[in-house]
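Heads up: the structure comes next, in structure tokens.
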Amino acid sequence: MIKTIFLKLWFRKLVRNKIYSATNILGLTIGFSAFILIALFVRFELNWDKNHQNYKRLYRIQRQFTQTLYTTNGNDISPHTRAFTAQMIEGHFPEFEKISVIRENGGSFLFTNSEHKIYDDKGIHADSYFFDLFSYEFIAGNKSTALNEPFSVALSETVAEKLFGDNSALDKTVLLDKKYTLKVTGVYKDLPFNTSLRPTYIISFATLKPLKNIARNKSWSGDCMTYALLNPGASHKQAEEKIRDLFTKYETIKNEKLQLCPLSKVYLNFNGKNDYLIVLKLFGLIGVFILAMAGFNYINLSLAKASMRRKEVAVKKAIGSKRNSLVLQFLSETVVVSLIALIFAFLVAELFLPVFSNIVDKQIELIWRNDWKFILLTILVAITTGILSGTYPAWFMASNKIIDLFKGNFYSKKSSSSLNLKKVLVTSQFAISLFLIVLTLSFSMQIKHITEKDLGFEKEGLLYTEITVSETEVMFDQLRSRLLQYPGIKDVSMSKNLPFVRFGGGSVNWEGGDPNVKINCRFNNVSYDYISVLDARLVAGRNFSFDFRGDAANTCIINETAARCFGWEDPIGKRINDNKLKVVGVVQDFVYQDMHNPVDPCVLVLAPNTVKGNWIFAFRAEKEMQKRAKEILTSELEKIFPNDPFEIRDVPLAFNSENSFKIYHSVNKTLLFFTFINVLLAVVGMFGLVSYSVTRRTKEIGIRKINGSSSLRIFHLLNKEYYWLIAYALGIAFPAAWLAYNSLPSANKLPAQPWIFISGAAMLLIIILISTSYETIKAATKNPVESLRYE
Numbered sequence: 069m070i071k072t073i074f075l076k077l078w079f080r081k082l083v084r085n086k087i088y089s090a091t092n093i094l095g096l097t098i099g100f101s102a103f104i105l106i107a108l109f110v111r112f113e114l115n116w117d118k119n120h121q122n123y124k125r126l127y128r129i130q131r132q133f134t135q136t137l138y139t140t141n142g143n144d145i146s147p148h149t150r151a152f153t154a155q156m157i158e159g160h161f162p163e164f165e166k167i168s169v170i171r172e173n174g175g176s177f178l179f180t181n182s183e184h185k186i187y188d189d190k191g192i193h194a195d196s197y198f199f200d201l202f203s204y205e206f207i208a209g210n211k212s213t214a215l216n217e218p219f220s221v222a223l224s225e226t227v228a229e230k231l232f233g234d235n236s237a238l239d240k241t242v243l244l245d246k247k248y249t250l251k252v253t254g255v256y257k258d259l260p261f262n263t264s265l266r267p268t269y270i271i272s273f274a275t276l277k278p279l280k281n282i283a284r285n286k287s288w289s290g291d292c293m294t295y296a297l298l299n300p301g302a303s304h305k306q307a308e309e310k311i312r313d314l315f316t317k318y319e320t321i322k323n324e325k326l327q328l329c330p331l332s333k334v335y336l337n338f339n340g341k342n343d344y345l346i347v348l349k350l351f352g353l354i355g356v357f358i359l360a361m362a363g364f365n366y367i368n369l370s371l372a373k374a375s376m377r378r379k380e381v382a383v384k385k386a387i388g389s390k391r392n393s394l395v396l397q398f399l400s401e402t403v404v405v406s407l408i409a410l411i412f413a414f415l416v417a418e419l420f421l422p423v424f425s426n427i428v429d430k431q432i433e434l435i436w437r438n439d440w441k442f443i444l445l446t447i448l449v450a451i452t453t454g455i456l457s458g459t460y461p462a463w464f465m466a467s468n469k470i471i472d473l474f475k476g477n478f479y480s481k482k483s484s485s486s487l488n489l490k491k492v493l494v495t496s497q498f499a500i501s502l503f504l505i506v507l508t509l510s511f512s513m514q515i516k517h518i519t520e521k522d523l524g525f526e527k528e529g530l531l532y533t534e535i536t537v538s539e540t541e542v543m544f545d546q547l548r549s550r551l552l553q554y555p556g557i558k559d560v561s562m563s564k565n566l567p568f569v570r571f572g573g574g575s576v577n578w579e580g581g582d583p584n585v586k587i588n589c590r591f592n593n594v595s596y597d598y599i600s601v602l603d604a605r606l607v608a609g610r611n612f613s614f615d616f617r618g619d620a621a622n623t624c625i626i627n628e629t630a631a632r633c634f635g636w637e638d639p640i641g642k643r644i645n646d647n648k649l650k651v652v653g654v655v656q657d658f659v660y661q662d663m664h665n666p667v668d669p670c671v672l673v674l675a676p677n678t679v680k681g682n683w684i685f686a687f688r689a690e691k692e693m694q695k696r697a698k699e700i701l702t703s704e705l706e707k708i709f710p711n712d713p714f715e716i717r718d719v720p721l722a723f724n725s726e727n728s729f730k731i732y733h734s735v736n737k738t739l740l741f742f743t744f745i746n747v748l749l750a751v752v753g754m755f756g757l758v759s760y761s762v763t764r765r766t767k768e769i770g771i772r773k774i775n776g777s778s779s780l781r782i783f784h785l786l787n788k789e790y791y792w793l794i795a796y797a798l799g800i801a802f803p804a805a806w807l808a809y810n811s812l813p814s815a816n817k818l819p820a821q822p823w824i825f826i827s828g829a830a831m832l833l834i835i836i837l838i839s840t841s842y843e844t845i846k847a848a849t850k851n852p853v854e855s856l857r858y859e
């Protein structure tokens with residue numbers, strides 16, 4: 069009965085004080101919404117590959133290169149292994165239950181007829197054990213036998229629909245790159261987005277033998293991936309120790325050591341580098357900050373409006389209510405407000421989830437039926453936030469004496485503790501806001517820096533296509549001459565790899581070094597015109613030339629990083645790779661794979677003139693004639709390679725699609741999104757804070773105006789205390805932002821810019837002045853008679 073009465077009274081107060089109630093609920097709703105979105109994102113990133121039933125027993129076998137003085141991509145771990153690795157482990161070590169070998173297929177065209185085709189670069193080749201390790205749900209066919217025979221293919225549901233529409237794909241045929249007929253032996257449901265191995269189609273590994281002479285148990289091909297399923301209870305550390313030196317008996321690969329990477333680490337840090345984990349920790353910290361901001365706002369608003377409830381508290385204390393019961397009542401109200409805000413927050417989060425998913429480039433979902441644990445945990449967080457936020461205001465109100473409450477003197481009596489807490493809260497809000505503003509500005513400038521950074525080659529106006537050439541009579545010099553007849557095409561080259569498209573790899577020793585010590589580098593077979601097509605610059609020696617017939621098999625060009633790694637001041641004439649290749653030129657460093665890692669050592673060797681197999685053709689076209697150049701190239705190449713599908717693409721698009729560059733943009737947009745939310749919370753909090761200050765100093769303002777103070781002086785008086793708090797916030801936020809920015813990993817990071825910190829402080833000051841102007845201007849221009857009549 070009494071509880072029902074209290075509940076009704078609380079609800080009436082909630083409705084009566086609409087602005088106060090709405091501001092409180094709005095602040096908490098914004099904070100909870102942001103927290104929910106961040107929590108969903110972090111949960112998504114920490115749950116990669118958990119859709120596989122054997123998740124805890126699955127490992128990827130990786131190679132670690134020892135005896136290397138330089139490592140590509142800043143690490144000495146390769147996720148790729150040699151095809152015969154599985155055969156060397158199977159049946160020899162009791163820890164291993166099953167092993168599967170896969171090989172990425174790269175970009176290919178799939179045809180159902182001469183008219184209907186799709187391009188897909190997510191296909192793989194996999195052996196018959198693949199579906200025993202990984203959890204795939206088949207909607208057609210038998211996964212136990214789907215990959216047993218050569219020229220068999222299992223399609224994802226999406227690819228099957230693209231190729232066959234609503235018709236059944238099972239037992240139909242698909243033409244791969246206009247050359248090989250594959251029989252559809254199964255169709256499986258699309259895997260979740262957060263699955264590291266998410267192929268769109270899977271061709272049987274046995275198909276590689278007739279196609280590329282790659283056999284599962286014999287091939288030395290080092291571009292495969294090997295996954296192992298350990299027996300229940302087996303120690304992966306013991307298993308790793310047993311297979312680590314498996315290649316010792318082979319002289320050429322004795323320095324390759326094997327290791328087991330748990331499936332849980334394949335996405336986040338397969339090589340032991342915690343670059344992305346640092347980003348996730350930063351997001352988690354932002355989530356805590358925003359939640360704290362929402363709590364600070366509630367405290368400030370509660371203190372600001374405490375005078376509205378002083379008589380209610382005085383009457384309750386007069387009729388016998390104890391302090392503990394009053395505190396409990398106020399905390400109950402706070403928790404209810406938090407839960408109401410949480411309901412709105414879930415609705416807001418669900419509304420903005422598609423937008424947020426697009427910002428972070430993920431497919432994040434909130435499914436009420438399946439995510440009940442997450443929802444319960446969030447409710448617990450809301451209740452905890454409500455209790456922590458309401459504790460001090462509840463104690464502040466309940467601990468005053470009855471006479472002070474009736475007279476309205478509780479501000480002065482409790483001013484010391486309440487004002488000290490207020491200053492701590494406001495300084496914390498300023499510091500958090502400034503920290504995020506500076507970090508977001510710094511990250512935006514980092515994006516601008518890597519976008520405008522000299523790549524060592526000119527990406528604009530550069531086109532390319534990948535073709536697997538089946539004809540043997542095509543000669544590259546003739547193809548190049550034919551294409552150069554068109555005025556829009558300036559130059560043409562052929563290579564195995566191309567920056568931001570395909571990278572290649574290998575290891576070499578060098579003249580003057582220990583023959584047993586090698587350096588990992590980017591190997592590339594290129595035509596004579598490769599460097600000129602890239603618009604790269606030679607810094608020493610010469611380019612490949614028709615005037616030197618020996619270039620075809622005996623010479624190479626290295627980059628500056630390779631020369632430094634070899635310790636050569638004058639590289640020209642030196643030899644590498646067991647003295648087989650003579651260095652005739654040094655090219656300026658150019659970025660090969662991404663903007664996140666350092667430039668790798670690079671070795672260019674001359675390609676044969678005969679075009680056979682898989683090659684990348686690059687074209688330097690006039691920038692204003694890109695569209696026309698694509699039409700010309702498509703028309704001519706279709707005549708030259710009538711049986712080989714291809715598609716002309718842009719290198720700038722490949723640059724923008726590169727994974728680390730996409731992550732940079734995603735992190736930047738996410739920081740901007742949550743910084744905006746944080747600033748919005750700060751504005752709400754400042755509004756409440758100024759309301760508190762004006763309420764407390766109403767009579768003082770009236771007296772000052774009667775004594776001649778101008779409105780401008782009153783405005784300055786009400787705001788000057790915040791200037792000192794901003795100064796304190798600068799001392800906290802600047803070092804924190806500097807440390808956070810410098811902890812973010814990147815080989816091409818822009819140094820922290822002092823002007824960004826100054827700009828961040830100026831932005832915060834402007835935001836504070838704007839958010840406080842309404843209450844302070846109203847108080848400064850108010851009739852002093854009304855101020856003196858206050859209460």
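FYI, this note's numbering numbers position 734 of the sequence shown as 802, with every residue one higher than the one before it. Glycine is no exception: its CB is placed at the ideal position from the N, C-alpha and C atoms.
Span of the beta strand (DSSP E), counted from its first residue to its last, around S168:
Translated into positions along the sequence shown, residue 168 becomes position 100. Taken as a continuous stretch (DSSP letters only), the beta strand (DSSP E) holding S168 covers F164 to E172.
Taking the beta carbon of M361 as the centre, do at least 16 other beta carbons fall within 10 Å, making it buried, or is it exposed?
As a first step, residue 361 is located in the sequence shown; it is residue number 293 there, counting from the start. Buried, because 16 or more other Cβ atoms sit within 10 Å of the Cβ of M361.
Burial state of M543 (16 or more Cβ within 10 Å)
Along the sequence shown, one-based indexing puts residue 543 at 475. By the neighbour-count rule (16 or more Cβ atoms within 10 Å), M543 is not buried but exposed.
Cα-Cα separation, H160 to S289
Within the sequence shown, the letter at position 92 stands for residue 160. Within the sequence shown, the letter at position 221 stands for residue 289. Approximately 22 angstroms, taken between the alpha carbons.
Between V347 and the rest of its own chain, which residues show a CB-CB distance below 7 angstroms, the 5 nearest in sequence each way excluded?
Taking the first residue of the sequence shown as 1, we reach residue 347 at position 279. Around V347: V735.
Let me know the secondary structure DSSP gives Q327 once reduced to three states.
Position 259 of the sequence shown, counted from the start, is the residue given in the question as residue 327. Strand at Q327.
Exposure label - R590; buried when at least 16 CB within 10 Å:
Taking the sequence shown and counting its residues from 1, one reaches residue 590 at position 522. Result: buried.
CA-CA distance, S839 and T495?
Sequence index remark: in the sequence shown, residue 839 carries index 771 (1-based). Sequence index remark: in the sequence shown, residue 495 carries index 427 (1-based). One C-alpha to the other measures close to 16 angstroms.
Proximity below 9 angstroms, CB of L493 to CB of I358
As a working note, residue 493 is residue 425 in the sequence shown. As a working note, residue 358 is residue 290 in the sequence shown. Not closer than 9 angstroms, so no.
Please check the pair E526 and D597, which I expect to be a contact at CB under 8 angstroms, by giving their CB distance rounded to whole angstroms.
To locate residue 526, count along the sequence shown from 1; it is residue 458. To locate residue 597, count along the sequence shown from 1; it is residue 529. The Cβ separation is near 14 angstroms, so there is no contact.
At the level of alpha carbons, what is the spacing between Y295 and Y127?
As a first step, residue 295 must be located in the sequence shown, where it is residue number 227. As a first step, residue 127 must be located in the sequence shown, where it is residue number 59. Rounded to whole angstroms, Y295 to Y127 spans 6 angstroms at the Cα level.
S841 versus F755: straight-line alpha-carbon distance, rounded
The residue given as residue 841 occupies position 773 in the sequence shown. The residue given as residue 755 occupies position 687 in the sequence shown. Going from the Cα of S841 to the Cα of F755 covers about 9 angstroms.
For Y344, which option in L114, S303, A151 and R131 has the closest C-alpha, if you only look at C-alpha atoms?
As a working note, residue 344 is residue 276 in the sequence shown. When each option's Cα is compared against that of Y344, the closest is L114.
CA-CA distance, F338 and K118?
Counted from its first residue, the sequence shown places residue 338 at position 270. Counted from its first residue, the sequence shown places residue 118 at position 50. Straight-line Cα distance between these residues: approximately 16 angstroms.
Sequence ranges, alpha helix (DSSP H) only - wholly within the region 214-291, length at least 4:
225-232 and 276-280
Which class does N593 belong to by DSSP, given the choice of helix, strand or coil?
For the purposes of this step, residue 593 is identified with residue 525 of the sequence shown, where counting begins at 1. Looking at N593 - three-state DSSP - the assignment turns out to be strand.
Does the Cβ of F498 have 16 or more other Cβ atoms within 10 Å, making it buried, or fewer, making it exposed?
Residue mapping note: residue 498 aligns to position 430 of the sequence shown, counting from 1. Buried, since its Cβ has 16 or more Cβ neighbours within 10 Å.
Is S483 helix, strand or coil when you go by DSSP?
Within the sequence shown, the letter at position 415 stands for residue 483. With a pLDDT of 48 at S483, under the threshold of 50, the modelled position of this residue cannot be trusted; read the value that follows with caution. Note: S483 maps to helix in three-state DSSP.
Between W683, L328 and D291, which has its C-alpha nearest Y945's C-alpha?
Because the chain is modelled from 69 through 859, residue 945 falls outside the range shown and cannot be assessed.
Y187 classed as buried or exposed, judged by whether at least 16 other C-beta atoms fall within 10 angstroms:
Indexing the sequence shown from 1 puts residue 187 at position 119. Per the 10 Å Cβ criterion, exposed.
H304 - containing alpha helix (DSSP H), residue span:
Counted from its first residue, the sequence shown places residue 304 at position 236. H304 to I311 is the extent of the alpha helix (DSSP H) around H304.
Buried versus exposed call for P422 [16 or more other C-beta atoms within 10 Å across all chains shown]:
As a working note, residue 422 is residue 354 in the sequence shown. Exposed, by the Cβ-count rule.
Please name the residue, chosen from I106, S370, I443 and F424, that lies closest to K490 on a Cα-to-Cα basis.
Translated into the one-based positions of the sequence shown, residue 490 becomes position 422. For K490, the nearest C-alpha among the options comes from S370.
Residue of S236, S501, E324 and I98 minimising C-alpha distance to I411
Here the question's residue 411 lines up with position 343 in the sequence shown. Minimum Cα distance to I411 is reached at I98.
If I'm right that I587 touches A608 with Cβ under 8 angstroms, what's the distance once you round it to whole angstroms?
For the purposes of this step, residue 587 is taken as residue 519 along the sequence shown, with counting starting at 1. For the purposes of this step, residue 608 is taken as residue 540 along the sequence shown, with counting starting at 1. Contact flag wrong, Cβ pair sits at about 19 angstroms.
Looking at the structure shown, is Y554 part of a helix, part of a strand, or coil, going by DSSP?
Translated into positions along the sequence shown, residue 554 becomes position 486. Y554 carries a coil assignment under DSSP once its states are collapsed to helix, strand and coil.
Can you tell me where the alpha helix (DSSP H) with S725 in it begins and where it stops?
Counted from its first residue, the sequence shown places residue 725 at position 657. In the DSSP assignment, S725 falls within the unbroken alpha helix (DSSP H) covering V719 to S725.
Shortest alpha-carbon distance to R284 belongs to which of K246, N216, K305 and L326?
Within the sequence shown, the letter at position 216 stands for residue 284. Nearest to R284 by C-alpha distance, out of K246, N216, K305 and L326, is N216.
For the alpha helix (DSSP H) holding G699, just list the boundary residues, first then last.
Start at 1 with the first residue of the sequence shown, and residue 699 comes out as number 631. Checking the sequence, you will find Glu at residue 699 rather than Gly. Taken as a continuous stretch (DSSP letters only), the alpha helix (DSSP H) holding E699 covers Q694 to I708.
Could you compute how far the alpha carbon of K166 sits from the alpha carbon of P300?
Position 98 of the sequence shown, counted from the first residue, corresponds to residue 166. Position 232 of the sequence shown, counted from the first residue, corresponds to residue 300. CA-to-CA, the gap between K166 and P300 works out to about 12 angstroms.
Restricting to Cα atoms, I'd like to know which of E715, P803, I599 and C633 is closest to V560.
By one-based count along the sequence shown, residue 560 stands at place 492. Comparing Cα-Cα distances from V560 to each of E715, P803, I599 and C633, the minimum goes to I599.
In chain order, what residues of the same chain have a beta carbon less than 7 angstroms from the beta carbon of K730, not counting five sequence neighbours either side?
By one-based count along the sequence shown, residue 730 stands at place 662. So the list reads D429, once near-sequence residues are dropped.
Per the DSSP calculation, M293 is bridged to which residue(s)?
Here residue 293 refers to the residue found at position 225 when the sequence shown is read from its first residue. Per DSSP, I170.
Check the C-beta distance from L298 over to L314 and give it rounded, since I have them as a contact under 8 angstroms.
Within the sequence shown, the letter at position 230 stands for residue 298. Within the sequence shown, the letter at position 246 stands for residue 314. Wrong, their Cβ atoms sit about 16 angstroms apart, outside the cutoff.
Might you give, ordered along the chain, the residues of its own chain that have their beta carbon closer than 7 angstroms to the beta carbon of H311, omitting 5 neighbours on each side?
Start at 1 with the first residue of the sequence shown, and residue 311 comes out as number 243. Note on residue identity: the sequence assigns Ile, not His, to residue 311. So the qualifying residues of the chain are I157, F161 and L326.
Can you tell me whether DSSP reads S841 as helix, strand or coil?
Position 773 of the sequence shown, counted from the start, is the residue given in the question as residue 841. Correct three-state label for S841: helix.
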